[in-house]
Amino acid sequence: MSRVNAIKYTEIVNPKKDVVLMGEMAHAKNVYKLEVMEVLRQLRHMGFTHFGMEMIPVDIKTDNETLEKHFDFNWSFGTPKNYFFELVKMARQLDMEIVGLDMPYDRYLTAKLPNEHEERNRHFAKEIKKVVDRGHKMIAFMHVAHSLKQSPDDKQDSVRSLLVDEDVSNVSIQLIGGCDRRGDCSPWSNEARAVVKSKKDKLRFYYKDSKPDTYTVHLPQRPVAH
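According to my numbering, the sequence shown holds residues 30 to 255 in order.
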């Protein structure tokens, strides 16, 4: 179906990049899922062969039956049915390999890690780098709290900063807007707030952030028909 103000991600992402980080402002908003599906469709033709997901730990199998049960059991609270599994199915239709990025759940659910958030970020970055070191390109999907630092005062390493430190070429795209209520998916940074304020909430648009290789995609505050 046609998409109002559809974004050409092939114009945002340099073909030489090995990783695209897709960060959603809130988990399980249907409009984000649809946008990530569009990213997969467009960038598959640029040689992106792997789809990594925060929502899958590394210690489980990635066959359809296992993942469907995993999502139902671990990611069903407040999440539309098959939200994440539909992303998996789309990636498989495009002949992409599914990669789990998270550490085994029992490591941080029971071990009480000193800094759970940053240790998970380091795990995500390590798993992404493994794929790149094997000569592949990945689209990695996660909450934006993992993909990017959310303020200049944030002392924790983001997945993007960790990949930059490892010389893994990447571009980061954060998805904002797209929710029924204004506050649900509003941007955290002052820069993003200023841009959104200058435009209409109902528009789909993107802009380049002040940081290198970092973009923000704003989806209609009240999602338009897809």
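Virtual Cβ for every residue (Gly too), placed ideally from N, Cα, C.
Predicted model, so just to flag it, every value in this text is computed and none were measured.
Alpha-carbon spacing of residue i relative to residue j, whole angstroms
i, j, result
"alanine 120", "glutamine 185", "31 Å"
"alanine 35", "proline 143", "42 Å"
"histidine 4", "threonine 78", "In this structure the chain extends from 30 to 255, so residue 4 is not present and cannot be described."
"threonine 95", "threonine 243", "34 Å"
"leucine 63", "valine 48", "20 Å"
"valine 160", "phenylalanine 153", "11 Å"
"phenylalanine 100", "glutamate 83", "12 Å"
"lysine 118", "phenylalanine 102", "18 Å"
"glutamate 195", "isoleucine 157", "11 Å"
"glutamate 126", "glutamine 71", "16 Å"
"leucine 123", "serine 239", "33 Å"
Where residue i sits in the DSSP three-state scheme
i, result
"alanine 55", "coil"
"asparagine 199", "strand"
"leucine 232", "coil"
"aspartate 194", "helix"
"aspartate 4", "The structure shown does not extend to residue 4, since the chain is modelled only from 30 through 255, so no value can be given for it."
Beta-carbon proximity list for residue i, same chain, < 8 Å, skipping 5 on both sides
i, result
"arginine 210", "Interpretation of arginine 210 is limited by its pLDDT of 49, a score under 50 that renders its predicted location unreliable; the figure taken from the coordinates is listed afterwards. There are no such residues."
Range of the contiguous alpha helix (DSSP H) that encloses residue i
i, result
"valine 160", "145–162"
"alanine 174", "173–176"
Cβ-heavy atom distance, residue i to the ligand COA, below 6 Å
i, result
"proline 133", "Of the ligands one can find in the structure shown there are none, so the ligand COA has no counterpart to examine."
Residue range of the beta strand (DSSP E) that includes residue i
i, result
"valine 246", "243–248"
"lysine 37", "Premise fails: lysine 37 is in no beta strand (DSSP E) and is neither H nor E."
Other residues of its chain near residue i: CB distance less than 6 Å, five sequence neighbours each side excluded
i, result
"methionine 75", "Pro44"
My parser needs the alpha helix (DSSP H) runs of 4 or more residues fully inside the stretch 63–128; what are they? Here the runs fully enclosed are 93–103, 112–122.
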